[in-house]
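Comments concern the structure below.
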Amino acid sequence: MERVVLRTHYSNEINPGMDGEEVVVAGWLHERRDLGGLLFLILRDREGIVQVTLRKDKTSEELLERVRRLSKESVISVRGVVRSDKRAPNGYELIPREIKVLNVAATPLPLEVSGRIKSELDTRLDSRFLDLRNPRNREIFRIRSEVLKTIRSFLDERGFIEVNTPKIVAAATEGGTALFPISYFEREAFLSQSPQLYKQMMMATGLDRVYEIAPIFRAEEHDTTKHLNEATSADIEAAFVDHEWVMGVLEELVAFVYENIRERCGKSLEILGVELPEVKPPFERITYTEALELLTEHGVELEWGEDLSTPAEKTLGEIMGAHYFIVEWPTSVKPYYTMPFEGREEVCKAFDLMHPRVELASGSQRIHDYEMLRASIEKHGLSPESFKFYLEAFRYGMPPHAGWGLGIERLLMTMLEIENIREVILFPRDRRRLVP
RNA sequence: GCCCGGGUGGUGUAGGGGUCUAUCAUGGAGCCCUGUCGAGGCUCCGACUCGGGUUCAAAUCCCGACCCGGGCGCCA
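Each number in the numbering used here comes from the position in the first sequence (counting from 1) with 1075 added on.
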């Protein structure tokens, strides 16, 4: 049986030097320009566009008829001969020998794929598959893929082991954020808000350095351009190190991601119209108390012990102007597993990595002493009983350890200067949106 | 959840008591055109979120619902 070839080349694999060669390209009918005796079809694939040129006097009536009324965004495969011509886009065009119509697109389209008429985000998300045919929107996801690869290779290089922890968990273990309850056979369970407890338990195994890139679920009813109810978190945890060490990993990672994306995603960045700034570690560090003083100087008053409000975060971002760390947080605003400073228990070894626009990551050195952790859980008004499975790991030899969690969507939106976080995730889940 | 703004053809918009038989662009249907590249020209098609109210008259004003955007809150 003969194999049907629907594609031999992507559009970017063809050049004017291939004049006379036969190729098969496949994609979507981006545009049709009928000049009467001349008909141009613009085919779009993942890598760009190809012009297919049909001359009325040199093309069979049958072929002309097939494409003349073909709707935009229909799927076609074109077998044709490359013809070098400087009048054509990219310097070449295809003279078709055969055009297969693989699927006809219905009309009218729910949005303008060309991007000539900008649709609202809501309209775009309703027809996300079409929205992502627009190169500008699609390239975000190429970069996203490259960012994830970069993070993996960076952490692999440093001896981290990738792990997968459960996303269905037994209880609202950490307190704080709201969880999504689900039905788990005869019991109630929850979607995991963070791999925190499990990655810490990994420190009691001897795996030493672990990371996980996975979804996190938060049932908060936030309604902003920087929150999602299902997001992606890159988490690390490392044993025999302190918070300073993991901060170093974090800032070097962020800088490496910028450098790598600049190097490997030049074309995508160009399509997005983004020029990545130089990001050089070490990032500036300010203590929580210093942050409050800075804010006071700029007319934003906060009580010591309060978490930063959105306006405070914005003002600080304007002052700092680049990535920075906020360190030495009040112990009271950070979770129970955070290690306080010895001798001044009111502050702890926690840090937030900030981009001028938004918080990117937070982490800390953890409490590794069983009794201390137990006491801290109680102090936070939580019950050690419900943390038994976690606490057990601290009874039989838990090394000192530290870690952080980095929001992938936050990283992407700040890197690519995208206003709404929903744009950097394929199918965002927010307060109102569950479909598609 | 609170505050502010909004909902007009498939998409994006103009219009803010009668002049609306509702503007423009894009799109769709069709015709013309041999070098388009946001092709061009001509013809046609297609809309006032829903429910109540005010008024001689409502896309326009009022009330409610639903939906959208922004700001905030919530969120280690």
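Each residue gets a CB set at the ideal place from its N, CA and C atoms; glycine is no exception.
- For His-1105, the secondary structure class from DSSP, reduced to helix, strand or coil, is strand.
- DSSP places Ile-1394 in no beta strand (DSSP E) but in the uninterrupted alpha helix (DSSP H) bounded by 1385 to 1395.
- Taking 9 angstroms as the cut-off, the beta carbon of Phe-1292 is found closer than this to the beta carbon of Leu-1266.
- Rounded to the nearest angstrom, the gap between the Cα atoms of Val-1408 and Arg-1508 is 31 angstroms.
- For Trp-1320, the uninterrupted alpha helix (DSSP H) segment begins and ends at 1318 to 1339.
- Shown here, Arg-1219 sits in a helix according to DSSP, grouped into three states.
- Put simply, of Trp-1103, Gly-1123, Pro-1474 and Tyr-1167 the residue whose alpha carbon is nearest the alpha carbon of Asn-1090 is Tyr-1167.
- Met-1429 is bridged by DSSP to Tyr-1399 and Glu-1434.
- Here Met-1414 is near His-1318, since their CB atoms are less than 9 angstroms apart.
- Residue state for Phe-1502 is assigned as coil, using DSSP reduced to three classes.
- Around the CB of Thr-1489, 16 or more other CB atoms lie within 10 Å, so the residue is classed as buried.
- Just so you know, the alpha carbons of Gln-1126 and Asn-1165 end up roughly 9 angstroms apart.
- Within 10 angstroms of the beta-carbon of Glu-1378 lie fewer than 16 other beta-carbons, which makes it exposed.
- Boundaries of the alpha helix (DSSP H) around Glu-1484: 1483 to 1490.
- Annotation for Gln-1271: the continuous alpha helix (DSSP H) segment containing it runs 1271 to 1277.
- Distance check between Val-1080 and each of Gln-1440, Ile-1174, Arg-1470 and Asp-1231 places Ile-1174 closest, using alpha-carbon atoms only.
- Secondary structure within the region 1236 to 1264: the beta strand (DSSP E) runs of 3 or more consecutive residues, fully enclosed, are 1256 to 1259 (chain order).
- Just so you know, the alpha carbons of Arg-1141 and Leu-1184 end up roughly 20 angstroms apart.
- Less than 9 angstroms divides the Cβ of Val-1329 from the Cβ of His-1398.
- Distance from the CA of Glu-1353 to the CA of Glu-1334, rounded to the nearest whole angstrom, comes to 8 angstroms.
- Within the same chain, Leu-1369, Met-1395, Tyr-1399, Phe-1400, Ile-1401 and Val-1402 come within 8 angstroms of Ile-1361 by CB-CB distance, once the 5 residues on both sides are set aside.
- Using a 10 angstroms sphere on the CB of Glu-1261, the tally of other CB atoms stays under 16, which defines it as exposed.
- Of the other Cβ atoms in all chains shown, 16 or more fall within 10 Å of the Cβ of Trp-1404; this residue is therefore buried.
- At a Cβ-Cβ threshold of 9 angstroms, Leu-1325 and Ile-1336 do not count as neighbours.
- Taking all protein chains shown into account, Asp-1206 has 16 or more neighbouring C-beta atoms within 10 Å of its C-beta and is therefore buried.
- With contacts defined by Cβ atoms closer than 9 angstroms, Leu-1487 and Ile-1215 form a contacting pair.
- When only Cα atoms are considered, Pro-1256 and Lys-1224 end up about 32 angstroms apart.
- Counting other Cβ atoms within 10 Å of its Cβ, Tyr-1465 reaches 16 or more and is therefore classed as buried.
- When DSSP states are grouped into helix, strand and coil, Ile-1496 belongs to the helix group.
- Comparing alpha carbon positions, the residue from Trp-1103, Arg-1143, Ser-1437 and Asp-1201 closest to Val-1321 is Ser-1437.
- With contacts defined by Cβ atoms closer than 9 angstroms, Leu-1114 and Asn-1495 do not form a contacting pair.
- Taking 9 angstroms as the cut-off, the beta carbon of Ala-1313 is found closer than this to the beta carbon of Asp-1283.
- Cβ contact annotation for Glu-1327 (same chain, cutoff 6 angstroms, sequence separation greater than five): Pro-1356, in chain order.
- Burial is judged here by how many other beta carbons sit within 10 angstroms of a residue's own beta carbon; Lys-1424 has at least 16 and is buried.
- Counting C-beta atoms within 10 angstroms of its own C-beta, Glu-1136 has fewer than 16 neighbours from the protein chains shown and is therefore classed as exposed.
- Contact between Leu-1303 and Pro-1503 is confirmed by a C-beta separation of about 6 angstroms, below the 8 angstroms threshold.
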